[in-house]
Structure formats: structure tokens, C-alpha cells
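S.K.: What the sequence shown shows, in mature numbering (1 follows the signal peptide of the UniProt record, and there is no 0), is residues -23 to -1, 1 to 269, in sequence order.
Idealized CB from N, CA, C, for every residue including glycine.
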Amino acid sequence: MAKSKTLFSIFLVLVVILVTAKAQSFHQSISPASLGLQEEKLSHLRFYFHDVVSGPNPTALRVAQAQTTNNSATSFGAVDVIDDTLTIAPESNSKVVGKAQGIYAFASQDEIGLLMVMNLVFVEERLNGSTLSLLGRNTVSSPVREMSIVGGTGVFRFARGYAQAKTVSFTAQEAVVEYNVFVDPRFDRSLSPKSLGLRKEKLSHLHFYFHDILSGQNPTAVRVAQAAMTATSPTVFGAVMMADDPLTVGPEPNSKVIGKAQGIYASASQNDLGLLMVTTRNKGFSHEKNCG
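In C-alpha cells, the structure reads:
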């Protein structure tokens, strides 16, 4: 168990770093030339990720593992749900700028390699309420690990970019990771095609209703994993659900079905009912030209 927690801590100490800054700052613009770019501008966010794996108030909970995980040198098969604090400085009592909510899984048998799927939820200044979605592979033994920013909400709608992580410190209880995130700001202001760098293209708008059935004779969402403390959590923190939910053209359950939402969602917040959503579609949308 101690070995497992140590490996977990090492992993948590991933920090994203790309450019070293002398002064502590959370959000700034940087020169494209410094990154080998010519015409585009990038927004740079730097913060510290605190992953608490033990103690009275852990922010990372083990929700599932394989029968062989405890005997694995890399904790292969372990899955953890996180609600980690993001701060402006490495100290845990420094100013909070957001939360990292999501899942990481130990997905390598040869090294400590993590699959990272999480939302960066910001509360600071003009970014309050906005999120960035991070997806990627994190090999803990590497000095710097790079992951993709695949989307966002709020001022980060249509965001694209990358994050680099670098270990700052870790103990048996907590890992501190510095994140440097670089996002193309052309995608964080407007939904107009012109602002997105598009000319003749148009944006599509899909409107449908998602039916998540948790009980009864034919539930479409089932709980597949949870932490030991999930049952006593007011936000069901740590619960992981598998869903195969119908999408309909109207709010009524018997209205026309146009597709399916298939995937998982996890309760990834200790303070409110905040879900990490990872879903796709089965055979695509079944309605008219969107079929497939």
C-alpha cells in the first residue's frame, strides 16, 4: 500500500512548465516567436496542482483497480478520481485559482504512465467559471510531460493548445505539480466564423435532449466504481457511472430518438455536484444527414 501511494504521489507531481518566469503570475500573453510561432498569439497560464492522496481530507480517491494492481510495480490498472486545488504558488496556502477535476489511470506496465482526463476549472478574475479540458499521457519518469488541451468553455470556447508538467515536490501525502498551459486565444472570444479564422464555413448548431435513467427496469446509467468514502459524501465524490443514454428531439422520453450518448461520467467535486463527462455516440446521430 505504501509503495502504491508513493508511486501515486510521484505521478501527481507532474507540473506543466514551458517558459520560466521570475515573477509569480497566473495568466499572461507571450510572444509567439518565443515558441517558434509566427502569426498566432498564445495565452499562458501558470499554476500549481496539489494532489493529496492521504490524510483526513484527500483530494484524490482510488475508485477502481485490477486484481493484479497491488502486485504491479507501476500500479497498472488503478483508477483515481481527483478534485485537486490549483494555486498561484507552490505553497498549499497560496491563493486558489481553480480546481483540477477528473480521472487519471495507471495505463502502463513498463513505467509509471498515466492517462490524464481532467477539466481545469478556473475561479480567478475574468476566467471565473471557464474551463479547459486536458487529455494526454503522463510518463512520471520524464522531466517534462506534455499533454493536449482539447477544448474548453466560457472564455475558452473552442480552445486548443498544450500543457507541460514538471514535478515540483512530493511526499507520501501530497504531490505538488507546476502547470504551464498555452492556449490559442483566437478561440476564446467569439463564436463568429470570422473570429475563428474561418471564411466560407458555417457553424452547426445541434439541439437535443439527453435522458439519463438511473433506476427502474431499464436503467441507461449504471455505477461501475466508487471510493470507500463515496457513500458518505454529500456530492457522491468518487462515483463513476457508465452510460448509454438516448438523445431525443424533444424533452419527452417517447419523442423521436436521434442518437445515443455512450461513455462515462464521474463525480469529481467535493463541494458541489460537478461531473467529468467523457461520452461519444453509438453509430452516430441517426437523424437525417447526421446519420453515422
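Please classify Lys35 as buried or exposed, where buried requires at least 16 neighbouring CB atoms within 10 angstroms.
M.R.: For the sequence presented, residue 35 should be read as Pro rather than Lys. Pro35 is buried by the Cβ-count criterion.
S.K.: Could you check the C-alpha separation between Lys76 and Val98 for me, to the nearest Å?
M.R.: 5 Å
S.K.: Indicate the three-state DSSP secondary structure (helix, strand or coil) for Phe164 in the structure shown.
M.R.: Note on Phe164: pLDDT 40, under 50, position unreliable in the model; the coordinate value appears next. Under the three-state reduction of DSSP output, Phe164 falls in the helix class.
S.K.: Per DSSP, Lys76 forms a beta bridge with which residues?
M.R.: Thr62, Val98
S.K.: Curious, which full-length beta strand (DSSP E) runs of at least 3 residues does the stretch 218 to 246 contain?
M.R.: Listed in chain order, the complete beta strand (DSSP E) runs (minimum 3 residues) inside the stretch 218 to 246 are 234 to 244.
S.K.: Which of the three DSSP states, helix, strand or coil, is assigned to Val255?
M.R.: strand
S.K.: Could you pull the DSSP bridge partners for Glu151 from this structure?
M.R.: For Glu151, which the question treats as bridged, DSSP gives the partners Val29.
S.K.: Nearest by alpha-carbon distance to Ser49: which of Ala208, Phe187, Glu88 is it?
M.R.: Glu88
S.K.: Could you check the C-alpha separation between Val158 and Asn195 for me, to the nearest Å?
M.R.: 43 Å
S.K.: In this structure, what does DSSP give as the bridge partners for Thr130?
M.R.: Thr108
S.K.: Exposed or buried, what is His184 when buried is set at 16 or more other beta-carbons lying within 10 Å of its beta-carbon?
M.R.: exposed
S.K.: From which residue to which residue does the beta strand (DSSP E) around Leu38 run?
M.R.: 37 to 41
S.K.: May I have the straight-line CA-CA distance separating Met(-23) from Phe53, to the nearest angstrom?
M.R.: Low confidence applies to Met(-23): its pLDDT is 49, below 50, so where it sits in the model is not reliable, and the reading given next is rough at best. If I take the Cα positions, the gap works out to 14 Å.
S.K.: When the distance is taken between beta carbons, is Ile59 closer than 8 Å to Ala245?
M.R.: yes
S.K.: Just mark Gly129 as buried or exposed, buried being the case when its beta carbon has 16 or more other beta carbons within 10 Å.
M.R.: buried
S.K.: Nearest to Leu91 by alpha carbon, out of Glu151, Gly79, Glu101, Val100?
M.R.: Gly79
S.K.: Check Arg103 in the structure and name its three-state DSSP category.
M.R.: helix
S.K.: Look at residue 271 and Phe83 and say whether their C-beta atoms are less than 8 Å apart.
M.R.: This structure gives no information on residue 271, because the portion of the chain shown stretches from -23 to 269.
S.K.: For the beta strand (DSSP E) containing Val199, name the first residue and the last one.
M.R.: 198 to 202
S.K.: Decide if Thr257 is buried, meaning its Cβ has at least 16 other Cβ atoms within 10 Å, or exposed.
M.R.: exposed
S.K.: Would Ala66 and Tyr25 be called neighbours here (beta carbons separated by less than 8 Å)?
M.R.: yes
S.K.: Just list the residues that DSSP pairs His182 with in beta bridges.
M.R.: Note: His182 sits in no beta bridge, so no partner.
S.K.: If Ser112 and Phe133 are in contact, beta carbons under 8 Å, what's the gap, nearest whole angstrom?
M.R.: According to the sequence as given, residue 112 is Leu; it is not Ser. That pair is no contact at about 14 Å.
S.K.: Comparing alpha-carbon positions, which option in Gly251, Ala140, Asp249 lies nearest Leu19?
M.R.: Ala140
S.K.: With 16 as the cutoff for other CB atoms within 10 Å, does Asp189 come out buried or exposed?
M.R.: exposed
S.K.: Going by other Cβ atoms of all chains shown within 10 Å of its Cβ, with 16 needed for buried, is Leu22 buried or exposed?
M.R.: buried
S.K.: Considering only their Cβ atoms, is the gap separating His27 from Glu151 smaller than 8 Å?
M.R.: Cβ distance < 8 Å, so Glu151 and His27 count as in contact.
S.K.: According to DSSP, is Asn70 part of a helix, a strand, or is it coil?
M.R.: coil
S.K.: So what's Thr51 in DSSP terms, helix, strand or just coil?
M.R.: coil
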